[in-house]
Amino acid sequence: MHVVVVGAGEVGTSIAANLAADHNVVVIDIDPDRAEQLKYELDVMTLAGDGASLATLEDAEVGAADMFIASTDDDRTNLVACGTAKTVGDPFTIARTKSVEYLRTWELTESAFGVDFMVCSDLLSAESIVDVVGLPAAVDVDPFAGGLVQMAEFEIDADSPVAGQTVAEADRFESLTFAGLFRDGEIILPRGDTAIETGDRAVVIGSPESVQAFANDLAPEETPDEADEIVIIGGSEIGYQTARLLEKRGLSPRLIEQDHDRARWLAEELPGTLVMEHDATDTDFLAREHVDESDFVVATLDSDERNLLASVLAKRLGTDRVVAVVDNGEYVTLFEEIGIDVAVNPRQVTAEEIIRFTYGGVAENIAVLENDQAEVLELQLTEDSELVGCSIEEAAAGIDTNLVFGAITRDRELITPRGDTELAAGDHIVVFVESSFVEALASMA
Amino acid sequence: MGLIRVDWRASFDLTGRVLLYLAGPLSFPLFLAMLYGESTLPFLAAIGATLVLGGLLRGLPGDPGDLGPREAFLAVASIWLLVAVVGSIPFAVAATGTLAHPINAVFESMSGLTTTGATVLEDFSVHGRSILMWRQLIQWLGGLGILVLATAILSELGVGGAQLMDTETQSKNVSKLTPRISETARLIWGLYLGLTALAAVVYYTLHLTGLAPQMDLYNAVAHAFTSVATAGFSPEPASVGAFAPIVQWAVVPFMIAGSTSFVLMYFALKGDPMRLLKNEEFHFYLGSIAVFAAVVAGALFIDPTVGFGGEATIRHAVFNVASMVTTTGYASTDFDLWSSAAKHMLFLCMFLGGMVGSTTCSIKSLRWLVALKAFKRNLFTSVHPEAVRPVRLSGKPIEEEAIRDIYAYLLLSIIIFTLLTVFIVVDSARVGANVSEFEAMGAAASTFLNIGPAFGDAGPYGTYNGFPMTTKTAMILLMWIGRIEIIPVLVLFTAAFWRS
Numbered sequence: 001m002h003v004v005v006v007g008a009g010e011v012g013t014s015i016a017a018n019l020a021a022d023h024n025v026v027v028i029d030i031d032p033d034r035a036e037q038l039k040y041e042l043d044v045m046t047l048a049g050d051g052a053s054l055a056t057l058e059d060a061e062v063g064a065a066d067m068f069i070a071s072t073d074d075d076r077t078n079l080v081a082c083g084t085a086k087t088v089g090d091p092f093t094i095a096r097t098k099s100v101e102y103l104r105t106w107e108l109t110e111s112a113f114g115v116d117f118m119v120c121s122d123l124l125s126a127e128s129i130v131d132v133v134g135l136p137a138a139v140d141v142d143p144f145a146g147g148l149v150q151m152a153e154f155e156i157d158a159d160s161p162v163a164g165q166t167v168a169e170a171d172r173f174e175s176l177t178f179a180g181l182f183r184d185g186e187i188i189l190p191r192g193d194t195a196i197e198t199g200d201r202a203v204v205i206g207s208p209e210s211v212q213a214f215a216n217d218l219a220p221e222e223t224p225d226e227a228d229e230i231v232i233i234g235g236s237e238i239g240y241q242t243a244r245l246l247e248k249r250g251l252s253p254r255l256i257e258q259d260h261d262r263a264r265w266l267a268e269e270l271p272g273t274l275v276m277e278h279d280a281t282d283t284d285f286l287a288r289e290h291v292d293e294s295d296f297v298v299a300t301l302d303s304d305e306r307n308l309l310a311s312v313l314a315k316r317l318g319t320d321r322v323v324a325v326v327d328n329g330e331y332v333t334l335f336e337e338i339g340i341d342v343a344v345n346p347r348q349v350t351a352e353e354i355i356r357f358t359y360g361g362v363a364e365n366i367a368v369l370e371n372d373q374a375e376v377l378e379l380q381l382t383e384d385s386e387l388v389g390c391s392i393e394e395a396a397a398g399i400d401t402n403l404v405f406g407a408i409t410r411d412r413e414l415i416t417p418r419g420d421t422e423l424a425a426g427d428h429i430v431v432f433v434e435s436s437f438v439e440a441l442a443s444m445a
Numbered sequence: 001m002g003l004i005r006v007d008w009r010a011s012f013d014l015t016g017r018v019l020l021y022l023a024g025p026l027s028f029p030l031f032l033a034m035l036y037g038e039s040t041l042p043f044l045a046a047i048g049a050t051l052v053l054g055g056l057l058r059g060l061p062g063d064p065g066d067l068g069p070r071e072a073f074l075a076v077a078s079i080w081l082l083v084a085v086v087g088s089i090p091f092a093v094a095a096t097g098t099l100a101h102p103i104n105a106v107f108e109s110m111s112g113l114t115t116t117g118a119t120v121l122e123d124f125s126v127h128g129r130s131i132l133m134w135r136q137l138i139q140w141l142g143g144l145g146i147l148v149l150a151t152a153i154l155s156e157l158g159v160g161g162a163q164l165m166d167t168e169t170q171s172k173n174v175s176k177l178t179p180r181i182s183e184t185a186r187l188i189w190g191l192y193l194g195l196t197a198l199a200a201v202v203y204y205t206l207h208l209t210g211l212a213p214q215m216d217l218y219n220a221v222a223h224a225f226t227s228v229a230t231a232g233f234s235p236e237p238a239s240v241g242a243f244a245p246i247v248q249w250a251v252v253p254f255m256i257a258g259s260t261s262f263v264l265m266y267f268a269l270k271g272d273p274m275r276l277l278k279n280e281e282f283h284f285y286l287g288s289i290a291v292f293a294a295v296v297a298g299a300l301f302i303d304p305t306v307g308f309g310g311e312a313t314i315r316h317a318v319f320n321v322a323s324m325v326t327t328t329g330y331a332s333t334d335f336d337l338w339s340s341a342a343k344h345m346l347f348l349c350m351f352l353g354g355m356v357g358s359t360t361c362s363i364k365s366l367r368w369l370v371a372l373k374a375f376k377r378n379l380f381t382s383v384h385p386e387a388v389r390p391v392r393l394s395g396k397p398i399e400e401e402a403i404r405d406i407y408a409y410l411l412l413s414i415i416i417f418t419l420l421t422v423f424i425v426v427d428s429a430r431v432g433a434n435v436s437e438f439e440a441m442g443a444a445a446s447t448f449l450n451i452g453p454a455f456g457d458a459g460p461y462g463t464y465n466g467f468p469m470t471t472k473t474a475m476i477l478l479m480w481i482g483r484i485e486i487i488p489v490l491v492l493f494t495a496a497f498w499r500s
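First to last, the protein sequences are chains A and B. Residue 1 is where the first sequence starts when you use full-length UniProt numbering, and the numbers rise one by one after that. Residue 1 is where the second sequence starts when you use full-length UniProt numbering, and the numbers rise one by one after that.
This is the structure we're talking about:
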């Protein structure tokens with residue numbers, strides 16, 4: 001596969017390094033020194049130039065490319081680069097953006113700006129923070145359909161209330177599908193009467209809310225509920241998105257923001273969050289608001305230095321777990337060394353998401369489970385897909401493999417699949433399927 | 001124009017136009033007068049006066065400019081004042097009974113136009129049927145006027161609370177006021193007319209089926225005019241109490257509908273009932289009627305002197321509480337004879353009012369709801385001083401400025417009510433009339449908040465005629481000020497309005 005990556009920063013380098021072994025990768029960077037340097041670090045072709053200019057893209061042979069990844073730090077450069085690439089050829093384009101606004105625009109048609117897949121680093125960072133905070137019991141969590149659907153894999157402990165229950169007993173949530181069970185390295189397709197045993201790994205697919213509620217059933221000790229205190233320090237975009245996603249999962253965080261107007265805006269947008277207007281590095285204030293007794297502190301201030309300060313303060317006050325956003329990848333280990341529980345690096349998260357998406361050379365949203373025994377993948381049904389018009393029952397009957405329809409999204413609304421749910425063109429389906437069958441399934445969509 | 005910065009020419013042009021339109025509705029009682037063989041002179045005189053006055057105002061020298069916020073305030077104040085004055089001409093010319101005195105005629109007309117329903121009539125039988133119908137019709141016109149004012153104008157001017165109304169669009173462009181008035185009026189007009197027609201049909205059907213012998217076509221139309229307008233005049237001295245119990249039950253939903261946001265009812269008819277059903281103000285409004293009706297019913301049950309019996313106790317409690325909360329001012333019985341407890345509950349009901357964007361008067365449930373929420377928020381922020389807590393209404397955050405406006409409006413209303421109460425007591429003492437404090441409070445609230453009946457001599461089966469002319473004049477002014485939400489009149493008395 002011929003892959004063109006624009007931008008040789010942390011994200012672009014990480015992606016290029018990952019793809020270089022199996023694919024023919026060209027990396028474009030505006031800085032000739034950086035381009036030259038990368039040539040020796042990785043086994044890739046490099047090109048110095050503007051990734052949004054037609055001439056550069058023609059030099060990189062974008063016309064013949066299968067995939068085009070725009071991963072610079074600048075949103076608009078990435079969008080223009082993708083748009084330009086689409087004029088030269090028809091590669092699958094992936095754009096990295098920071099702004100959630102561009103993502104919302106793109107979601108309207110899923111082809112705006114000539115972008116085929118958009119990865120929003122702020123939203124993604126917030127999602128991974130929320131996974132860390134909200135689903136500590138999960139072995140693996142991945143978002144699908146732009147965050148409307150979530151896949152999570154849990155290991156069933158002996159003391160889990162779910163152990164010993166049947167699937168029908170455990171799955172009491174409207175928009176949750178029990179997709180699969182792994183037992184002793186084997187896949188078990190769960191039926192209503194399948195008993196869940198200690199040591200099983202359960203894969204569930206559904207709305208983030210229902211996954212959260214299920215996690216609360218499964219691991220009530222670890223999973224935060226309404227009674228648990230989550231404090232977000234800093235009303236940056238990541239802080240806002242984190243609070244919003246936590247609210248969606250039925251949690252009520254507190255958010256501390258110093259700027260008066262921003263605090264008011266946040267309070268208006270986040271009805272389930274208690275917004276406080278104050279300097280979060282004021283220890284008296286933190287003590288007065290009992291931040292020491294909170295279960296989680298998330299530092300999402302604008303700079304690494306302030307996040308470090310806020311995190312250390314929270315740790316010293318005695319907060320259980322502290323999660324911090326760290327913009328500079330080199331500081332991640334530093335943060336973790338001094339006792340911050342999880343450091344989330346937006347660039348790293350973005351690179352990982354793009355790599356996940358390019359996995360195996362198929363441009364699909366995929367989560368690989370249990371040493372690639374099974375995968376959860378998202379497919380969009382085209383007009384002429386043979387699945388269009390079929391009910392879930394008919395579709396599953398016509399496929400001779402272990403397959404579970406986990407979720408369907410239609411016009412950005414989640415539909416929980418039932419036997420008689422009819423599939424329509426344009427639907428995104430999130431399916432749990434044996435790995436060997438992935439390609440066959442992809443061809444049916 | 002010199003130093004005056006208000007384009008009063010534009011305001012008076014609009015006022016003139018409204019006065020010209022007034023000739024239309026005036027021809028309805030004129031027709032009745034001819035039908036019943038009564039004197040047509042009162043209506044001919046009024047039609048002549050309104051056409052001349054309207055023509056004069058429209059023909060003032062100079063070119064009328066666009067209506068801005070200030071011009072709109074002046075227009076609103078002058079329309080409500082001049083229409084009331086013109087509306088009093090039939091009463092004054094007919095000069096029957098107590099209406100012979102011009103102040104009484106203006107009182108009755110202002111009480112009608114402001115949908116108050118306080119009356120100075122003593123012996124209803126001396127007045128012609130056409131005159132009594134004009135009294136009903138002017139209330140219906142007042143209800144329509146207030147709907148247009150509430151849904152189109154006040155929300156644009158950002159006057160106390162109306163800007164929080166759940167409307168489809170809310171432009172900030174006041175210069176586009178005129179097209180917006182006609183657009184809103186067009187939508188609301190049909191609904192208002194439809195509800196009125198439905199009320200008339202329902203009332204008359206009860207008559208035709210023999211359930212309400214008193215409710216003839218004349219009464220059906222007369223009460224349809226004043227129930228949806230939440231106005232409260234009745235050609236019967238005993239108000240709705242003159243009719244069968246089933247009529248009283250039938251009137252309740254129309255009073256409640258008249259006090260429900262017409263904008264939300266319009267959406268409900270267009271197939272989006274959830275906007276109304278999920279509206280917090282609507283819950284608060286219906287809830288306040290239910291709670292007060294229950295308390296009043298309880299007070300009537302334990303009162304041995306009333307002795308209505310089961311159905312009648314509930315009916316009278318529901319009817320009169322709904323009448324007070326919606327600011328209609330009908331009575332199903334002489335509640336002035338009730339126990340002090342029940343009367344005081346009715347007195348409290350006067351301050352509630354229905355929903356913003358309806359024909360209701362008084363303080364309105366939206367303001368109370370926002371004030372209560374803001375107060376609850378303040379209790380929270382006194383414990384957590386750093387907390388930022390927007391007050392939300394049906395989920396939507398409210399600007400702090402709007403909350404301050406609402407606090408100010410509440411305070412202003414209470415102050416004006418107190419001043420009017422004291423004025424009534426002092427003025428009555430001056431002429432040696434015996435008015436108790438509770439009666440003075442009742443009459444002050446009932447006129448300023450545009451309800452209608454009060455207690456004592458001004459009770460539901462009584463009359464305001466006994467008050468001195470000075471008191472009645474003050475009441476005329478305060479009905480006017482109270483009806484158009486205080487601010488449009490008060491700003492006229494500020495220098496900044498005219499100059500800067």
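C-beta atoms are modelled at their ideal positions from N, C-alpha and C, and glycine is treated no differently.
In terms of residue numbering, what span does the alpha helix (DSSP H) encompassing residue i cover?
| i | result |
| --- | --- |
| B:Ala-445 | 437 to 448 |
| A:Gln-241 | 237 to 248 |
| A:Thr-93 | Here A:Thr-93 belongs to no alpha helix (DSSP H); instead the beta strand (DSSP E) covers 92 to 97. |
| A:Gln-380 | Careful: A:Gln-380 lies outside any alpha helix (DSSP H), inside the beta strand (DSSP E) at 374 to 380. |
Please name the residue in the options whose C-alpha comes closest to that of residue i.
| i | options | result |
| --- | --- | --- |
| B:Ile-416 | B:Ser-362, B:Leu-372 and B:Pro-468 | B:Ser-362 |
| A:Gly-250 | A:Val-133, A:Asp-302 and A:Thr-350 | A:Val-133 |
| B:Asp-303 | B:Ala-317, B:Asn-104 and B:Thr-418 | B:Ala-317 |
| B:Ile-47 | B:Pro-25, B:Ile-103 and B:Gly-62 | B:Pro-25 |
| B:Leu-490 | B:Ser-78, B:Tyr-330 and B:Arg-367 | B:Ser-78 |
| A:Val-312 | A:Gly-329, A:Ile-233 and A:Ile-338 | A:Ile-338 |
| B:Ser-323 | B:Val-251, B:Pro-385 and B:Glu-108 | B:Val-251 |
| A:Asn-18 | A:Leu-176, A:Phe-357, A:Arg-254 and A:Cys-390 | A:Phe-357 |
Contact check, residue i vs residue j under 8 Å by CB: the rounded distance?
| i | j | result |
| --- | --- | --- |
| A:Ala-445 | A:Leu-387 | 7 Å |
| A:Ile-30 | A:Asp-50 | 6 Å |
| A:Val-6 | A:Val-25 | A:Val-6 to A:Val-25, Cβ: 12 Å. No contact. |
| A:Val-203 | A:Leu-369 | 6 Å |
Taking the continuous beta strand (DSSP E) assigned at residue i, which residues delimit it?
| i | result |
| --- | --- |
| A:Pro-143 | 138 to 144 |
| A:Leu-181 | 176 to 183 |
| A:Asn-402 | First-last for A:Asn-402: undefined, no H or E at that position. |
| A:His-2 | 2 to 6 |
| A:Asp-122 | Note, A:Asp-122: premise wrong, no beta strand (DSSP E); alpha helix (DSSP H) at 121 to 134. |
| B:Val-221 | Note, B:Val-221: premise wrong, no beta strand (DSSP E); alpha helix (DSSP H) at 217 to 227. |
| A:His-428 | 428 to 434 |
| A:Gln-37 | A:Gln-37 -> not in any beta strand (DSSP E); alpha helix (DSSP H) instead, spanning 32 to 41. |
| A:Arg-321 | 321 to 325 |
Compute every distance between the C-beta of residue i and the non-hydrogen atoms of the ligand FAD, then say whether any falls below 7 Å.
| i | result |
| --- | --- |
| A:Pro-91 | With respect to the ligand FAD, the structure shown offers nothing to examine, as it has no ligands at all. |
**OP:** Below 8 Å between beta carbons is the criterion; list the residues of the region 361 to 388 of chain B that meet it against any residue of chain A, in chain order.
**Re:** His-384, Glu-386, Ala-387 and Val-388: these are the residues of the region 361 to 388 of chain B whose beta carbon lies less than 8 Å from some beta carbon of chain A, given in chain order.
Original post:
Which residues, taken in chain order from the region 17 to 29 of chain B, show a beta carbon closer than 9 Å to some beta carbon of chain A?
Top reply: Per Cβ criterion, the list is empty.
**OP:** Determine which residues of the region 251 to 284 of chain A have a Cβ less than 7 Å from any Cβ of chain B, and write them out in chain order.
**Re:** Cβ contacts with chain B: Ala-263, Arg-264, Ala-267, Glu-268, Pro-271, Leu-274, Val-275, Met-276, Glu-277 and His-278.
**OP:** Can you check the region 305 to 336 of chain B for any alpha helix (DSSP H) of at least 4 residues that lies completely inside it and give the ranges in chain order?
**Re:** Whole alpha helix (DSSP H) segments, 4+ residues: 310 to 325.
Subject >> Short-range partners of chain A found in the region 392 to 404 of chain B, where Cβ spacing is below 9 Å >> reply: The residues in question are Arg-392, Gly-395, Lys-396, Pro-397 and Glu-400.
Original post:
Which parts of the region 270 to 311 of chain A are runs of the alpha helix (DSSP H), unbroken and 4 residues or longer, counting only runs that do not cross its ends?
Top reply: You should have 283 to 288.
**OP:** Starting from the N-terminal side, write out each stretch of the alpha helix (DSSP H) that is 4 residues or longer and does not extend beyond the region 239 to 302 of chain B.
**Re:** Segments of the alpha helix (DSSP H) lying fully in the region 239 to 302 of chain B: 245 to 258, 262 to 269, 274 to 277 and 280 to 301.
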